[in-house]
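Remarks on the structure that follows.
There are 2 protein chains.
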Amino acid sequence: MGQITIEEVAKLAGVSPATVSRALRSPEMVRDSTRKRVLKIIKEKKYVYHALAADLSRQRSANIGLIIPSTIGSIFVRTVFAILEKAQEHGYTVTIGNSKYNPEIEMSVLRTLNERHPAGLLLTGYCVRKEELLEEINRSGIPTVIMWEKPDDPQLSYVGIDNYRAAYTMTEYLIGLKHQRIGLILGPYSKVDRVHKRFEGYRDCLSDHGLPWDDLLVVEKEPTLADGMEAMNRLMSLANRPTAVFAASDVMAFGAMAAAKEKGLKVPADVSIAGFDDIDFSAYADPPLTTIRVNGIEIGEMALSCLLDMIENPSPQPRQICLKTDLVVRNSCRSLE
Amino acid sequence: MGQITIEEVAKLAGVSPATVSRALRSPEMVRDSTRKRVLKIIKEKKYVYHALAADLSRQRSANIGLIIPSTIGSIFVRTVFAILEKAQEHGYTVTIGNSKYNPEIEMSVLRTLNERHPAGLLLTGYCVRKEELLEEINRSGIPTVIMWEKPDDPQLSYVGIDNYRAAYTMTEYLIGLKHQRIGLILGPYSKVDRVHKRFEGYRDCLSDHGLPWDDLLVVEKEPTLADGMEAMNRLMSLANRPTAVFAASDVMAFGAMAAAKEKGLKVPADVSIAGFDDIDFSAYADPPLTTIRVNGIEIGEMALSCLLDMIENPSPQPRQICLKTDLVVRNSCRSLE
DNA sequence: CATAAAAATGATGACGCTTTCATTTATAAT
DNA sequence: ATTATAAATGAAAGCGTCATCATTTTTATG
Numbered sequence: 006m007g008q009i010t011i012e013e014v015a016k017l018a019g020v021s022p023a024t025v026s027r028a029l030r031s032p033e034m035v036r037d038s039t040r041k042r043v044l045k046i047i048k049e050k051k052y053v054y055h056a057l058a059a060d061l062s063r064q065r066s067a068n069i070g071l072i073i074p075s076t077i078g079s080i081f082v083r084t085v086f087a088i089l090e091k092a093q094e095h096g097y098t099v100t101i102g103n104s105k106y107n108p109e110i111e112m113s114v115l116r117t118l119n120e121r122h123p124a125g126l127l128l129t130g131y132c133v134r135k136e137e138l139l140e141e142i143n144r145s146g147i148p149t150v151i152m153w154e155k156p157d158d159p160q161l162s163y164v165g166i167d168n169y170r171a172a173y174t175m176t177e178y179l180i181g182l183k184h185q186r187i188g189l190i191l192g193p194y195s196k197v198d199r200v201h202k203r204f205e206g207y208r209d210c211l212s213d214h215g216l217p218w219d220d221l222l223v224v225e226k227e228p229t230l231a232d233g234m235e236a237m238n239r240l241m242s243l244a245n246r247p248t249a250v251f252a253a254s255d256v257m258a259f260g261a262m263a264a265a266k267e268k269g270l271k272v273p274a275d276v277s278i279a280g281f282d283d284i285d286f287s288a289y290a291d292p293p294l295t296t297i298r299v300n301g302i303e304i305g306e307m308a309l310s311c312l313l314d315m316i317e318n319p320s321p322q323p324r325q326i327c328l329k330t331d332l333v334v335r336n337s338c339r340s341l342e
Numbered sequence: 006m007g008q009i010t011i012e013e014v015a016k017l018a019g020v021s022p023a024t025v026s027r028a029l030r031s032p033e034m035v036r037d038s039t040r041k042r043v044l045k046i047i048k049e050k051k052y053v054y055h056a057l058a059a060d061l062s063r064q065r066s067a068n069i070g071l072i073i074p075s076t077i078g079s080i081f082v083r084t085v086f087a088i089l090e091k092a093q094e095h096g097y098t099v100t101i102g103n104s105k106y107n108p109e110i111e112m113s114v115l116r117t118l119n120e121r122h123p124a125g126l127l128l129t130g131y132c133v134r135k136e137e138l139l140e141e142i143n144r145s146g147i148p149t150v151i152m153w154e155k156p157d158d159p160q161l162s163y164v165g166i167d168n169y170r171a172a173y174t175m176t177e178y179l180i181g182l183k184h185q186r187i188g189l190i191l192g193p194y195s196k197v198d199r200v201h202k203r204f205e206g207y208r209d210c211l212s213d214h215g216l217p218w219d220d221l222l223v224v225e226k227e228p229t230l231a232d233g234m235e236a237m238n239r240l241m242s243l244a245n246r247p248t249a250v251f252a253a254s255d256v257m258a259f260g261a262m263a264a265a266k267e268k269g270l271k272v273p274a275d276v277s278i279a280g281f282d283d284i285d286f287s288a289y290a291d292p293p294l295t296t297i298r299v300n301g302i303e304i305g306e307m308a309l310s311c312l313l314d315m316i317e318n319p320s321p322q323p324r325q326i327c328l329k330t331d332l333v334v335r336n337s338c339r340s341l342e
């Protein structure tokens, strides 16, 4: 309860507040003897530094704001935790907001974070009302990095993956296995750019290989296990059911697997299933899931160091990093030959 | 970049800074016409409120600090996200620190969070150097709630589960299925109270039922899938191998399952496996996992509302809530009869 | 030992907002 | 119209720290 301030410490140590501040922030500016005296008082009186006041005074902040679009599916967990870890190492604190894939909320969360004047901002993808969001970002002048996505705007810094290419690759792999009817299960792609790119990759790949388009093969659901099951059920009850299903997230793929099993279908004997993300369980699933590996940890780490760099070395030109994704072939897809 | 302050807004609106502040924080105190005028300027000039300055001035904060012990295993994800969500609803912002199960780090993270003078503190369990930690907490006078654990100290507020009882229940269930040799796989129980309680529940239950003690049946590893596999391999290569294995976290249980399968053992025909947590995948695993259901979301939500209550209605007596856990019987354990 | 230069410390005014208290303006009552 | 009362606004002093500039003390140099 005893909220001692720097001033009282100064009084007790027989120095000025300025000296106490220096003893704390730039020890080399203060004589050893006095510094020791000050630190002793600080310890004795259990003085607690007031970082907020300091931030206000020196017009900077040791906090960075992070916005994630969702807490379900939790694909971003690894990224979030990687950021947390690295930020902590660098003496930064992280404040998290959840936009729930909702433009309104996204704006309001961004607002709230901005009001705390963070040193930098990390956004996971970005949403439909791009212009507005970007204006807010630009106006604030706060260094910002977009993650998990390669935004169209060339002015933005980002650390992302090529969702389009990855989805294209997976689709092409399935086609290579001679599948002709390939189902697609995805999250809210009409709202989320990142997912929409995956959709486009799938669509273009089919068309490039001369396969016919069928709306019924694409099912949009929430990115949860349960919804993955539902989506799969829908696909499997089609008159002309697909021989392979590409789920644009591993979690949904597991749902699809569960649904298939429930229907008595063997994977991959009766139907092939592919995922996207390569979460921990994928390698241990039954059967092990063929998927696209996305290194969420790396995204987080890169994004953070990128951001720190921008904070410390301001420069107008954006940092842009596109991480590679890998097709990980396991045993959930079989060749039709 | 244009960091307009309240003062400039005031000038432009032809009022005093105080009025601008009121127009923002207590609109009812200001005439409609002037409020509109002020808000118009604010919008025009893209003024951004400076929450830090406000917090400093009014000696409070709309930020709460959250410490989690680990990012691996990610059992706490649901709790963290639940907190995030609810906090956001109530206009609070959340800053997260990771103690990595390390007392030194825990102290330093707590320090850092404290220096930002949060409105309240949420700790996930608490660590070995309890006294020191508690002293820091008490001294700061910041409302604090411990989560996931029922601390020994009766002065502490907490929202937890009875880890001891839950583990006891599961062990008893296995014994009820006539298992005599029951392996135990757990995380770092020597370091983490929460896990240690589970260990004690297991141990006491065995002893209460007159079963002999065997050190070799207890394997301590990191709470990861890979380590779960390793632990299982160790148990399965025992001369006198257990007929059932209780993994004190679902993630490790999945590792155990994977290891069993790799060895050609069928679950539960050849060996029974039980988990703890009931994470999303557990119900969909093959076979569906028998486990202890812990409602991580509820823990988070309760802890937060408990904390908010403490923030708004300070009172010396601690709030203590012990949530119930359920034994969820699925198909990963069989009776030996 | 005197003097110049360097190092350490102090005084003071921000930083952007809130809040109390005083003052002015609007409303109600006579 | 004149008070009395209430509502709206303004002036100014913090909140706890940092940074600039001025001042004092120490060290180095001749």
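Protein sequences, first through last, are from chains L and R. Here the first sequence stands for residues 6 to 342, numbered as in this note's numbering. Here the second sequence stands for residues 6 to 342, numbered as in this note's numbering. No residue lacks a Cβ here, since even glycine has one placed at the ideal position from N, Cα and C.
Inter-residue Cα distance where the pair is residue i and residue j
{"i": "R/R324", "j": "R/S254", "result": "27 Å"}
{"i": "R/L216", "j": "R/Y178", "result": "14 Å"}
{"i": "L/K271", "j": "R/N107", "result": "45 Å"}
{"i": "R/A261", "j": "R/T248", "result": "13 Å"}
{"i": "R/N103", "j": "R/T76", "result": "7 Å"}
{"i": "R/T174", "j": "R/S277", "result": "16 Å"}
{"i": "R/T84", "j": "R/P32", "result": "36 Å"}
{"i": "R/Q185", "j": "R/A87", "result": "39 Å"}
{"i": "L/I101", "j": "R/L313", "result": "18 Å"}
{"i": "L/S38", "j": "L/R116", "result": "46 Å"}
{"i": "L/N336", "j": "L/G280", "result": "12 Å"}
{"i": "R/T24", "j": "R/L61", "result": "19 Å"}
{"i": "R/H95", "j": "R/T129", "result": "21 Å"}
{"i": "R/N119", "j": "R/G70", "result": "8 Å"}
{"i": "R/R339", "j": "R/P292", "result": "11 Å"}
{"i": "L/R199", "j": "L/L138", "result": "17 Å"}
{"i": "R/K50", "j": "R/L29", "result": "15 Å"}
Three-state class that DSSP yields for residue i in the structure shown
{"i": "L/E154", "result": "coil"}
{"i": "L/A28", "result": "helix"}
{"i": "L/G70", "result": "strand"}
{"i": "R/R239", "result": "helix"}
{"i": "R/G260", "result": "helix"}
{"i": "R/R63", "result": "helix"}
{"i": "R/V333", "result": "strand"}
{"i": "R/Y289", "result": "helix"}
{"i": "R/A244", "result": "coil"}
{"i": "R/I47", "result": "helix"}
{"i": "L/R40", "result": "helix"}
{"i": "R/K271", "result": "coil"}
Partners in chain L for residue i, counting only beta-carbon separations shorter than 7 Å
{"i": "R/T117", "result": "T98"}
{"i": "R/A56", "result": "E120 and R121"}
Amino acids of chain L, ordered along the chain, whose beta-carbon sits closer than 9 Å to that of residue i
{"i": "R/N107", "result": "In chain order: nothing, as chain L lies at least about 12 Å away."}
{"i": "R/N103", "result": "F86, L89, E90 and Q93"}
{"i": "R/F251", "result": "Near R/F251 there are no residues of chain L at all, since even the closest Cβ is about 19 Å away, more than 9 Å."}
{"i": "R/T76", "result": "V82, R83, V85, F86, A87, L89 and E90"}
Bridge partner(s) assigned by DSSP for residue i
{"i": "R/T129", "result": "R/M152"}
{"i": "R/C327", "result": "R/G165"}
{"i": "L/I3", "result": "No statement about residue 3 of chain L is possible, as the shown extent of chain L runs from 6 to 342 and does not include it."}
{"i": "R/I297", "result": "R/L332"}
Per-residue contacts from residue i into chain R (C-beta, under 7 Å)
{"i": "L/K51", "result": "R144"}
{"i": "L/D285", "result": "L230"}
{"i": "L/T10", "result": "Correct list: empty, because the minimum Cβ distance to chain R is about 12 Å."}
Interface partners of residue i on chain R, CB under 8 Å
{"i": "L/F204", "result": "Within 8 Å Cβ-Cβ: nothing; L/F204 doesn't reach chain R, min ~25 Å."}
{"i": "L/D60", "result": "L57"}
{"i": "L/V281", "result": "First, the amino acid is wrong: residue 281 of chain L is Phe here, not Val. Residues of chain R passing the Cβ test: none, with the nearest at roughly 17 Å."}
Listed by chain order, chain L residues near residue i by CB distance under 8 Å
{"i": "R/A263", "result": "Y289"}
{"i": "R/V114", "result": "Q93"}
Completely contained alpha helix (DSSP H) runs for the segment 144-225 of chain R, where each covers 4 or more residues: As far as the segment 144-225 of chain R is concerned, its whole alpha helix (DSSP H) runs of at least 4 residues are 168-181 and 198-213.
Contiguous beta strand (DSSP E) assignments of at least 3 residues, all confined to the segment 75-102 of chain L: For secondary structure counted as the beta strand (DSSP E) over 3 or more consecutive residues, the segment 75-102 of chain L holds no complete run.
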